[in-house]
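Engineer: For the sequence shown, the UniProt record's numbering begins at 15 and goes up steadily by one.
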Amino acid sequence: DRLFPEKWLLLLMKYLPSPKKTFPALFNLFRQGFLPSDQVQIFGYARSALTDGGLRDRLRGYLKPAKTDPSKDPSSVVKAFLDLITYISGPYNTEEGYLKLEEAVARHEELTSGKKGETRRLFYLALPPSVYPVVSGMIKKCCMNQRGWTRVVIEKPFGKDIASSDKLSNQLGQLFSEEEIYRIDHYLGKEVVQNLLVMRFANRFFLPLWNRDNIDNVQIVFKEDFGTEGRGGYFDEYGIIRDIIQNHLSQVLCLVAMEKPVSLNPEDIRDEKVKVLKAIEPIKDDEVVLGQYDGYLDDPTVPKDSNTPTFATIVLRIHNERWDGVPFIMKAGKALDSRKAEIRVQFKDVPGDIYRCQKQGRNEFVMRLQPSEAMYMKLTVKQPGLEMSATQSELDLSYRQRYQDIVIPEAYERLLLDTIRGDQQHFVRRDELRAAWEIFTPLLHRIDRGEFKSVKYPEGSRGPPEADRLTEQVGYVRTHGYIWIPPS
Ligand code: BG6
C-alpha cells in the first residue's frame, strides 16, 4: 500500500536559502502518491518575513512535474503540492514563533483528525548545527502536543570533532530518544550505495572473493569539478575531510567492508558498521595528502591565509581478519577535472599468470555512484580475431540502459520516505557517528593547528600529483585497457 493508513503530519523547518534538495524530494513523493493531500501538511519555519504565497513562489522554480504525471495539466500537480505548504516566521531562540507554529499546526490537526485522532509530527532541521540545541529545545517545549510519534531529522555537520559531536549528541539526547533522531547522510540514499549490501551478500560470486586474500586495494572516490561556489565561508570552517570523508565516504566504506549482519534489521546492520569503524587504525602521516585548489583563497569569505584542504587522499587500514593489509584509499576533492563518485575494488594479480598481462590489467569491480549509476567488472578476455591476444573488457551493468523504464529516485526522496515510515537503517546512529569522528579527530586537530600543510593544485586538475603517487605506492595499479600480444 503506497498510502499511509493513519493520519500524520509533516512539519518542516527549513533553512530557506537552500530549498534545492528537500522540497523537490517532497514534491516527488507527493507526485507518486506518498504524501496524500488529506493526510499531510507541510509547515515551513524560518526567520525571514514571508507569506505562504512568498514561500510557494520561491519553491515553484525547483519543482519539475514529470512528463509521466497522470494529470493532463502538470502544473496542477505543482499547485496541489504548493497548497500543502504554510509558512510561519519567527526567531530560532525565543518562544514566540514556536507558539505561533504550534497554534497553526494544532488548528490543522484538529481540522483533519478531530480531537482524538492520532497526529504525528516530523521536524526536519535543515539548519546550521550551531542552532540545533536551541531549536530542538524550543520544539520540545512548545510544539509537542501531537498524539502519535515525533521524529527529528538533522543534517550534517554533526559537530567538528569528537568533543563537539558528543556535546551535540548529549544535548539532543536529553530532548529526544535515539529512535526519534534521524541523522541524514544523503550518500546512504543513493541507489548504488543502497545496492551494496544486496550485491555483496546475495551473490555467490562475491562471497569468497571479498577479502584480503583476493582484494589488493579499495578506492572510495568523490570528485567535483567545481569549487566552493559561494559556500566558502561554511566550507573553510570544515574542509573536505569534515565535509565529505568523515561522513559520506566513511559510510560507504562501512558498507563495503562490514561483515554480514545477522538480519536486515536496522540495528543489526548498524552494529556491523560500527565494528568496521572501530577496527580502523590510527591514520599514518605518510598516508595523507592534503591539497587546496589555486583559486580557493580568492573567495572573499575565505581568510587569505587559510590552510583548509579542499582535497584529501587518506589511506585507512582496517585491522581485522578480513581486511588486514588492504589499503582503503579515501579520496575527495573540489575543483577537479571531473565530477564523479565511485568505489573501485582492485583485485590482486593472478598467481602464475601465463598471459603475463595482469600487471597492466588487473581485475577491478567498479561501482559508480554518479553520474550515470553503473556497476562493472574489468576482466581480461581474448581479443576477438585470429590472433591469440588478451585485452581488458567489461561486464557492464549501466543502470540507464538496463533499467530504462525506471526513474532512479533522488537520495533525499528515499530518505525522507524512510523517516516517514520509521526505518532508521539508512541513518547514522550515535555510536557510529562517534566512531567515525574518532578516526579523523587527531588528524583534523593537527590540520587546524597548522601542523599539516595543504599543497596547491590547479583548478580542473586531478589534484596534487603526490596523491596519485601515494595511491600507487600503497598498491593501486593503473589500468590502460592493455592489449597483450604473446611473443611469436
Ligand atoms: C554535501 C557537501 O554534503 O555533499 C557538499 O556538503 C557536496 O560540499 C555535496 O557538494 C555532494 O553531494 P552530491 O550528492 O552532489 O554528490
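Quick reminder that beta carbons are idealized off the backbone N, C-alpha and C, glycines included.
Pull up the distance between the alpha-carbon of residue 216 and that of residue 267, whole angstroms please.
Structural biologist: Numbered from 1 along the sequence shown, position 202 holds the residue referred to as residue 216. Numbered from 1 along the sequence shown, position 253 holds the residue referred to as residue 267. Spanning the two alpha carbons is a distance of roughly 19 angstroms.
Engineer: Grab the span of the beta strand (DSSP E) containing residue 389 for me, first residue to last.
Structural biologist: Here residue 389 refers to the residue found at position 375 of the sequence shown. Start and end: 388 to 396.
Engineer: Near residue 353, what residues of its chain come up, given a Cβ to Cβ distance below 7 angstroms and the 5 sequence neighbours on each side ignored?
Structural biologist: Here residue 353 is taken as the residue at index 339 of the sequence shown, counted from 1. Only 237, 238, 239, 385 meet the Cβ criterion.
Engineer: According to the Cβ coordinates, are residue 134 and residue 162 closer than 9 angstroms?
Structural biologist: As a working note, residue 134 is residue 120 in the sequence shown. As a working note, residue 162 is residue 148 in the sequence shown. The answer is yes: Cβ separation under 9 angstroms.
Engineer: Looking at the structure shown, is residue 356 part of a helix, part of a strand, or coil, going by DSSP?
Structural biologist: Taking the first residue of the sequence shown as position 1, residue 356 is located at position 342. Of the three classes helix, strand and coil, the one that applies to residue 356 here is strand, per DSSP.
Engineer: Suppose the cutoff is 6 angstroms on Cβ atoms and the five residues either side in sequence are ignored; what does the same chain contact list for residue 264 look like?
Structural biologist: Stepping through the sequence shown from its first residue, residue 264 is reached at position 250. Closer than 6 angstroms at Cβ, skipping near neighbours: 450.
Engineer: In the DSSP output, what is residue 159 paired with across the bridge?
Structural biologist: Against the sequence shown, residue 159 aligns to sequence position 145. DSSP, once it has assigned bridges, lists no residue as partnering residue 159.
Engineer: Pull up the distance between the alpha-carbon of residue 302 and that of residue 232, whole angstroms please.
Structural biologist: Reading the sequence shown from its first residue, position 288 is the one you call residue 302. Reading the sequence shown from its first residue, position 218 is the one you call residue 232. Near 16 angstroms, if we compare the C-alpha coordinates of residue 232 and residue 302.
Engineer: List in chain order: all unbroken beta strand (DSSP E) runs of 3+ residues lying wholly within the segment 113 to 193.
Structural biologist: Segments of the beta strand (DSSP E) lying fully in the segment 113 to 193: 135 to 140, 164 to 169.
Engineer: What are the start and end residues of the beta strand (DSSP E) that includes residue 327?
Structural biologist: As a first step, residue 327 must be located in the sequence shown, where it is residue number 313. Note, residue 327: beta strand (DSSP E), 325 to 331.
Engineer: Excluding the 5 residues flanking residue 158 on each side, which residues of the same chain have their C-beta closer than 7 angstroms to its C-beta?
Structural biologist: In the sequence shown, residue 158 corresponds to position 144, counting from 1. So the list reads 164, once near-sequence residues are dropped.
Engineer: How about the segment 33 to 45 and the segment 416 to 433: do they share at least three Cβ pairs that are nearer than 8 angstroms?
Structural biologist: Yes, they touch.
Engineer: Report whether the distance from the Cβ of residue 446 to the nearest heavy atom of the ligand BG6 is below 8 angstroms.
Structural biologist: Within the sequence shown, numbered from 1, the residue matching residue 446 stands at position 432. Result no, Cβ not under 8 angstroms from the ligand BG6.
Engineer: Helix, strand or coil: how does DSSP classify residue 207 here?
Structural biologist: Start at 1 with the first residue of the sequence shown, and residue 207 comes out as number 193. The answer is helix: DSSP assigns residue 207 an H, G or I state.
Engineer: Is the segment 240 to 259 touching the segment 335 to 350 in the sense that three or more CB pairs, one from each, lie closer than 8 angstroms?
Structural biologist: The answer is yes - the segment 240 to 259 touches the segment 335 to 350, with three or more Cβ pairs under 8 angstroms.
Engineer: The ligand BG6 and residue 159: does the residue's C-beta get closer than 8 angstroms to at least one heavy atom of that ligand?
Structural biologist: Counting from 1 along the sequence shown, the entry for residue 159 is found at position 145. No, Cβ of residue 159 sits at least 8 angstroms from all heavy atoms of the ligand BG6.
Engineer: In chain order, what residues of the same chain have a beta carbon less than 6 angstroms from the beta carbon of residue 213, not counting five sequence neighbours either side?
Structural biologist: Indexing the sequence shown from 1 puts residue 213 at position 199. None.
Engineer: Tell me which residues share the same chain as residue 422 and place their Cβ nearer than 7 angstroms to its Cβ, disregarding the 5 neighbours each side in the sequence.
Structural biologist: Against the sequence shown, residue 422 aligns to sequence position 408. Once the five neighbours on either side are set aside, the close Cβ partners of residue 422 are 205, 387, 413.
Engineer: Quick one: is residue 7 buried, meaning 16 or more other Cβ sit within 10 Å of its Cβ, or exposed?
Structural biologist: Here the chain covers residues 15 to 502 and nothing more, so residue 7 does not appear.
Engineer: Pairing CB atoms from the segment 288 to 297 with CB atoms from the segment 441 to 450, are three or more of them under 8 angstroms?
Structural biologist: Touching, yes, given that three or more Cβ pairs across the two stretches are closer than 8 angstroms.
Engineer: Tell me the DSSP secondary structure of residue 15 in three-state form.
Structural biologist: Here residue 15 is taken as the residue at index 1 of the sequence shown, counted from 1. Residue confidence for residue 15 is low, a pLDDT of 36 falling below 50, so the modelled location carries little weight; the figure read from the coordinates is stated next. Three-state DSSP puts residue 15 in coil, outside helix and strand.
Engineer: Could you tell me which residues DSSP pairs with residue 410 in its beta bridges?
Structural biologist: Position 396 of the sequence shown holds residue 410. Answer is 390, bridged to residue 410.
Engineer: Please report the distance separating the alpha-carbon of residue 338 from that of residue 396.
Structural biologist: Along the sequence shown, read from residue 1 onward, the residue named residue 338 stands at position 324. Along the sequence shown, read from residue 1 onward, the residue named residue 396 stands at position 382. C-alpha separation (whole angstroms): 34 angstroms.
Engineer: Closest by CA to residue 53, which one among 252, 98, 440?
Structural biologist: Taking the first residue of the sequence shown as position 1, residue 53 is located at position 39. Considering only alpha carbons, the answer is 98.
Engineer: Residue 250 and residue 166 look like a contact to me (Cβ under 8 angstroms); what is the Cβ gap, rounded to whole Å?
Structural biologist: Within the sequence shown, the letter at position 236 stands for residue 250. Within the sequence shown, the letter at position 152 stands for residue 166. Their Cβ separation, rounded to whole angstroms, is 28 angstroms, which puts residue 250 and residue 166 out of contact at 8 angstroms.
Engineer: Tell me, please, which residues DSSP counts as bridged to residue 272.
Structural biologist: Stepping through the sequence shown from its first residue, residue 272 is reached at position 258. DSSP lists no partner for residue 272.
Engineer: Check residue 71 in the structure and name its three-state DSSP category.
Structural biologist: For the purposes of this step, residue 71 is taken as the residue at position 57 of the sequence shown. It is helical.
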